[in-house]
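Q: The sequence shown runs -3 to 692 under the working numbering. C-beta: ideal position from N, C-alpha, C; glycine also. Please read these numbers as outputs of a predicted model, since none were measured by experiment. One structure is given below, represented as structure tokens, and several questions about it will come after.
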Amino acid sequence: MTATTNLCDNPLLDFSGLPRFDVIAPTDVQPAISKLLEDCRALIARLTADGAATTWNDFAAALADGLEPLSRAWGIVGHLHAVKDVPEWRDAYNRMLPDVSRFYAEVGQNLKLFAGYQAIAASSEYAKLSPARQRIVDNEIRDFRLAGAALPDDLKPRFQAISEELSQLSARFSENLLDATNAFSELVTDEAELAGLPEDARQAAREAAEKEGKSGWKFTLHMPSYMPVMQYADSRRLRAAMYRAYATRAAEFGPGELDNAPLIRQILLLRREEAQLLGYANFAEVSLVPKMAESLPQVLEFLRDLSVKARASAEQDVADLRDFARSELQLEPMEAWDVAYVSEKLLQERYAFSEQEVKQYFTEDNVLAGLFKVVETLFGVRLKADSAPVWHDDVRFFRIETPAGELLGQFYLDLYARDTKRGGAWMDEAIARRRLHHGLTAGDGIQKPVAYLNCNFSRPVGTKDGQARPATFTHDEVITLFHETGHGLHHLLTRVDELGVAGIHGVEWDAVELPSQFMENYCWEWSVVQGMSGHVDTGQPLPRTLFDKMLAARNFLSGMQTLRQIEFSLFDLLLHSDFDPAGERSLLDLLSEVRREVAVLVPPEWHRFPNSFAHIFAGGYAAGYYSYKWAEVLSADCYGAFEEAGNPFDRNTGQHFLNTILSVGGSRPAIENFRAFRGRDPQVDALLRHSGMTAG
Ligand SMILES: [Zn+2]
């Protein structure tokens, strides 16, 4: 193995086309990224020197052009780290990660860059800029402001100290939660107590005990161990013990140093202070500034309205569960630790079908053909196999063209799980669309977008008649593929010329799941499912009776689950607005109030849900948990337009969706995109209908 010593030959520094996955080596990373960081710093110094011009071209465009190579090269490294996580790539990535993170943090805090954008906004040029360019300038100024850049000098140190303390507190919150999760285990020694548990869950518990030299079966509070117990274990004692331990993690009942309550109080106080320094009444207002939702009252009303509409269905769900628990399972009253168990039993009773059976009907090539046909019909494009250097033999590559053969974009499809690949499914960008500036031209002067679509499905196994059997997917996996393709289309079908708001760049995060969830709807259209299914052995399409069971199971307990999500969302928003962390009313009082308003199932009094609500105390979801439901409403409502047209493939509606939402990206506020498509504000009706919650 030879290290590339000459920077001219470093393939990570070749931006002339697709990433050169055939030749890029871990040893290329350090020299290439160091060089790019140096270039970026030099450029920023030049753009922010005294007397430097602050026009769009000389400042904003030059900065976007200058920073792009680093993000492209580092994107390749990050991608390889995710899909080819062998020690060499992990080391190469981790070695440069601190430098790259530090650089982006510096950019975010660079007051001279902030001043540059402010100068453009204040200049006579601003009014003449395209809406997309204006939006980039506005977004930049907004983000600098929210990072404290516009504060008077005497307040900056305090703001900085709060930010640092908040990140430490969030990190400690997660650590406590993890430590508390790890601190509990339940060793079952009587095999009779395992009744009901699936074989793989028993096996895993057996191995966990063996690893500690113990006999019996060890269960923990980690999901793969905890969930099967709650869903399947006939032993009520075991379920109750596990439930209580799970519900009281990182609370006052355990070791004091793992109690998250004092951290929560401190986090809420600091967030409020931070919001007030920035000139807002509370943290919820700050959180909503860069989001699609326009105001706190608007989101609260949205949640409350949805809760009222979902209520009857949710109450029916709970009544069904209680009836079934009493009459079939002799569980009365139904306790909190019975709910998942009873739900699973009722699901089996009502809609029993085998995921494994369904899986035989979705072969890889049929599913891809079905997916491509949906995309082609809806958006008037063509998808074709293409070739490119790839990082693994599994990877396929495709191009999207106009009917006239003009290239729109390309994407990699890496479908199968591997030991060296990060879990889950995700879309990432390799190259973003933009018009090339400063004499760089290629063809029509447009840089074509390229995306990575990554999944973790099972690879083909076995042979039939001497031929390799194709890979087959579960229906959930098919949905995942459609979902990620939706993100991919958002990136690939953009027509925006400006990097900062092309594709998913600059899209509000409570709107970014719109195209992905929209695409999922097609997995529930009989014509699509029928067309893309074909039994791996017989070629027969999926039987309609089986599909009907899948449809019925899709909406099982959806009312109850909706109210649960609303409960979390309302609690999160009120906690960050209408709550004084130093006041008399406790966090648990607030939670009880929220539950009295919306919940249909109230957990035991000793439940300490906030102590493990990591989304809002350790993740990025503070005063943003509502985004899940918000985006679901948007995508369902958009799909509703096709239902109203009487055809899920209606060409005009598809073109309209492409023109107003998909191709516009972040160049216009998401609410305006939505209104342009729907001709009105979002409504929850379609979501309620799709979830089987429509009354009457
Ligand atoms: Zn998504």
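Do you know offhand how far Gly71's Cα is from Val285's?
A: One C-alpha to the other measures close to 28 Å.
Q: What's the C-alpha gap between Glu208 and Asp196?
A: Going by the C-alpha atoms only, they are around 19 Å apart.
Q: Determine, using beta carbons only, whether Pro539 and Leu658 come nearer to each other than 7 Å.
A: Cβ distance not < 7 Å, so Pro539 and Leu658 don't count as in contact.
Q: What is the DSSP secondary structure of Asp677, counted as helix, strand or coil?
A: Coil at Asp677, not helix or strand.
Q: Can you give the Cα-Cα distance for Glu402 and Met238, rounded to whole angstroms?
A: So the two alpha carbons sit approximately 59 Å from each other.
Q: Less than 7 Å separating the beta-carbons of Thr373 and Phe645?
A: Yes, the pair counts as a contact, with Cβ atoms nearer than the cut-off.
Q: For ligand 1, which residues have a Cβ under 6 Å from at least one heavy atom, in chain order?
A: Working through the chain, the matches are His479, His483, Glu509 and Ser512.
Q: Spatial neighbours of Ser119 within its chain, please: CB distance less than 8 Å, with the 5 preceding and 5 following residues excluded, ordered by chain position.
A: Cβ neighbours of Ser119 beyond the five flanking positions: Thr50 and Thr51.
Q: Just the C-alpha distance for Ala691 and Lys305, rounded to the nearest angstrom, thanks.
A: Note on Ala691: pLDDT 47, under 50, position unreliable in the model; the coordinate value appears next. Between Ala691 and Lys305, the C-alpha separation is close to 8 Å.
Q: Quick check on this structure: which residue in Thr468, Glu668 and Ser126 has the alpha carbon closest to the alpha carbon of Val503?
A: Among Thr468, Glu668 and Ser126, the Cα nearest to that of Val503 is on Glu668.
Q: On the three-pair Cβ rule with 8 Å, is the stretch 132 to 152 touching the stretch 98 to 112?
A: Short answer: they touch.
Q: If you check the beta carbons only, do Ala69 and Leu165 fall under 7 Å apart?
A: Cβ atoms of Ala69 and Leu165: not closer than 7 Å.
Q: Under 7 Å between the Cβ atoms of Ile132 and Gly496?
A: In this structure, Gly496 lies closer than 7 Å to Ile132 by Cβ.
Q: Identify whether Val596 lies in helix, strand or coil by the three-state DSSP scheme.
A: In this structure, Val596 counts as coil in the three-state DSSP scheme.
Q: Opposite Ile396 in the DSSP bridges: which residues?
A: Its beta-bridge partners are Leu379 and Gly405.
Q: Where do the N-terminal and C-terminal ends of the alpha helix (DSSP H) with Ile20 fall, by residue?
A: Where Ile20 is concerned, there is no enclosing alpha helix (DSSP H), given that its DSSP letter is neither H nor E.
Q: If contact is defined by three or more beta carbon pairs under 8 Å, each pair taking one atom from either stretch, is the stretch 141 to 157 in contact with the stretch 678 to 687?
A: Touching, no, given that fewer than three Cβ pairs across the two stretches are closer than 8 Å.
Q: Is Cys519 near Phe478, with beta carbons less than 7 Å apart?
A: Yes; because the gap between Cβ atoms is below 7 Å, this pair is in contact.
Q: What separation, rounded to the nearest whole angstrom, lies between the Cα atoms of Asp18 and Asp389?
A: Using only the alpha carbons, I get a separation of about 11 Å.
Q: For the alpha helix (DSSP H) containing Cys634, name the first residue and the last one.
A: Residues Ser623 to Glu640.
Q: What's the gap between the Cα of Ala332 and the Cα of Arg86?
A: Using only the alpha carbons, I get a separation of about 43 Å.
Q: So, does the stretch 571 to 590 touch the stretch 343 to 363, judging by three or more C-beta pairs under 8 Å?
A: They do not touch, by the three-pair rule.
Q: From Pro466 to Gln352, what distance separates their C-alpha atoms?
A: Approximately 15 Å between the Cα atoms of the pair.
Q: Pick helix, strand or coil for Lys152, following the three-state DSSP scheme.
A: Note: Lys152 maps to helix in three-state DSSP.
Q: Note down, in chain order, each residue of its chain lying with its Cβ closer than 7 Å to the Cβ of Thr490, except the 5 sequence neighbours on either side.
A: Closer than 7 Å at Cβ, skipping near neighbours: Arg429, Pro445, Ala498, Gly499, Ser659 and Gly661.
Q: How is Phe432 classed by DSSP in three states: helix, strand or coil?
A: According to the sequence provided, residue 432 is Leu. The question's Phe does not apply to it. If DSSP states are grouped into helix, strand and coil, Leu432 belongs with coil.
Q: For Glu345 and chain B, any beta-carbon pair shorter than 7 Å?
A: Considering every chain present, this structure includes no chain B. It has just one protein chain.
Q: Are Ser631 and Gln513 close, meaning C-beta to C-beta below 7 Å?
A: Yes, these two residues count as a Cβ contact at 7 Å.
Q: Alpha carbon to alpha carbon, how far is Pro385 from Pro65?
A: Distance between the alpha carbons of Pro385 and Pro65: 19 Å.
Q: Report the rounded CA-to-CA distance for Glu34 versus Ser623, giving the unit in angstroms.
A: Their Cα atoms are separated by approximately 38 Å.
Q: Among Glu161, Glu203, Leu190 and His218, which has the Cα closest to the Cα of Ser181?
A: For Ser181, the nearest C-alpha among the options comes from His218.
Q: Am I right that Leu559 and Val596 are in contact with their C-beta atoms under 8 Å? What's the rounded C-beta distance?
A: Confirmed, about 6 Å.
Q: Within the same chain, show all residues whose beta-carbon is closer than 8 Å to that of Ala289, passing over the 5 residues directly before and after it, in chain order.
A: Contacts found: Val295, Phe298, Asp506, Tyr622 and Trp626.
Q: Mapping the DSSP letters down to three states, classify Lys444 as helix, strand or coil.
A: Coil, per DSSP.
Q: In whole angstroms, what is the alpha-carbon distance linking Asn2 and Pro27?
A: Roughly 9 Å between the two C-alpha positions.
Q: May I ask which residues mark the beginning and end of the beta strand (DSSP E) holding Glu425?
A: Taken as a continuous stretch (DSSP letters only), the beta strand (DSSP E) holding Glu425 covers Trp422 to Ile427.
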